[in-house]
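Numbering (my numbering), first residue to last: 838 to 1012.
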């Protein structure tokens, strides 16, 4: 692991620890750097804002998800949604921080961009008429994001399987 990679990991880990005890917006860069054990200069070499840390982390999470989906071409939508629900549970700290810090639009943008890839590669583009497909995709992604937000706001009380099955039922009717 390079020094840059290590520093970025320390900054990300520190932010995820801090957001569990205080609101994202009240975490200062100085406090974050102290917790991460890095200088402000190191922080600003890698990030312009705290939101950049979250975006970088989400990109890593969703790139891994897309790689997993691509490596299992026989996986059906139900299995993929099960993996997505498990990913949301595993990464609940960052998702919760974004939702409770009024960064839901940023979260929606990130999830949407990765589900665009999912739709383009997994759900055949010719399966539905293109114009209907565009609206269907928007409907599904919007619903998926709202289900995840509601699940997190309810402290993820329901199981991953329940959420995946709920999403599958909703998605199946929209395609």
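Ideal Cβ placement from N, Cα and C applies to all residues, glycine included.
These figures come from a predicted structure and were not determined experimentally.
If the criterion is Cβ atoms closer than 8 Å, does the pair residue 906 and residue 857 meet it? No, these two residues do not count as a Cβ contact at 8 Å.
Contact belief for residue 888 with residue 943 at Cβ below 8 Å, rounded distance in angstroms: 6 Å
In whole angstroms, what is the alpha-carbon distance linking residue 955 and residue 902? When only Cα atoms are considered, residue 955 and residue 902 end up about 10 Å apart.
Select from 859, 861 and 877 the residue whose C-alpha is nearest the C-alpha of residue 867. 877
For residue 854, count neighbouring C-beta atoms within 10 Å of its own C-beta (all shown protein chains included) and say buried if the count is 16 or more, exposed if not. exposed
Please go through the same chain and pick out, in chain order, the residues whose beta-carbon is closer than 8 Å to the beta-carbon of residue 849, but skip the five residues on each side of it. 890, 893 and 894
Evaluate residue 859 with the Cβ neighbour count: other Cβ atoms within 10 Å of its Cβ, from every protein chain shown; 16 or more gives buried, anything less gives exposed. Counting every other CB atom within 10 Å of its CB across the protein chains shown gives residue 859 a total below 16, marking it as exposed.
Sort 846, 918, 919 and 898 by Cα distance to residue 800 and report the nearest one. Only positions 838 to 1012 of the chain appear in the structure, and residue 800 is not among them; the question remains open.
Buried or exposed: residue 999, going by 16 or more other Cβ atoms within 10 Å of its Cβ? exposed
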